[in-house]
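In our numbering, the protein residues as written are 1 to 182. Glycine included, each C-beta is placed from N, C-alpha and C at the ideal position. Worksheet: the structure to be examined is printed underneath.
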């Protein structure tokens with residue numbers, strides 16, 4: 001497979017299905033931001049988390065490729081069979097959130113990002129996830145987007161927030177509580 005094709009040199013790219021669109025199109029922004037998120041998930045994995053968290057994060061990376069494939073497809077023209085997101089993928093995130101929350105202190109304050117690299121990467125990934133979600137919702141206003149993608153992205157940002165809290169708790173790092181000036 002050749003890495004460079006020169007077909008995008010004029011700022012136009014192809015979707016799965018052959019449709020050519022500008023690289024600034026909301027569809028490209030959507031799956032490009034999902035790709036950015038996937039890279040941050042890789043950084044979280046590389047921080048030395050426990051094996052269970054690494055396994056879940058690798059499953060998330062796989063689902064993000066699934067989401068990226070769906071978003072990179074022209075819903076009207078693509079004949080390619082691509083993997084699909086399933087309700088069980090959302091259930092996994094919810095189960096993991098609940099499992100982590102069982103061992104965390106009750107949340108009584110907003111949490112400021114930071115604590116160590118892994119925690120900070122969780123917060124960065126959460127923010128990128130929220131941006132991807134906003135872009136995907138915007139795309140859904142003009143073109144078909146599987147509803148499960150939007151739900152998954154919403155739940156994933158929650159998962160990343162709770163994972164950051166779990167990492168802080170596992171390493172006995174105090175949370176950066178936001179105490180507003182009054």
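Is the beta carbon of residue 167 less than 8 angstroms from the beta carbon of residue 119?
With respect to residue 119, residue 167 sits close: the two C-beta atoms are nearer than 8 angstroms.
Worksheet item: Cβ atoms of residue 140 and residue 37: under 8 angstroms apart, would you say?
Response: Taking 8 angstroms as the Cβ cut-off, residue 37 and residue 140 do not qualify as a contacting pair.
Review point. To which residues does DSSP link residue 14 through a beta bridge?
Key: Residue 14 is bridged by DSSP to 20.
**Alpha-carbon to alpha-carbon, residue 107 and residue 161** = Going from the Cα of residue 161 to the Cα of residue 107 covers about 12 angstroms.
Do residue 90 and residue 128 have their C-beta atoms within less than 8 angstroms of each other? No, these two residues do not count as a Cβ contact at 8 angstroms.
Practice item. Alpha carbon to alpha carbon, how far is residue 88 from residue 164? Give it in angstroms, no decimals. Key: Cα to Cα, residue 164 sits roughly 23 angstroms from residue 88.
Cutting at 8 angstroms between CB atoms, please list the residues of its own chain near residue 27, excluding the five before and the five after it. Closer than 8 angstroms at Cβ, skipping near neighbours: 15, 21, 71, 72, 139 and 143.
Run through the stretch 113-180 for me and flag every whole alpha helix (DSSP H) of 4 or more residues, listed as ranges in chain order. Taking only runs of at least 4 residues, the alpha helix (DSSP H) segments lying wholly in the stretch 113-180 are 117-140 and 147-170.
Fill in: Option nearest residue 68 by Cα separation, candidates 17, 55, 113 and 83
Answer by Cα proximity: 83.
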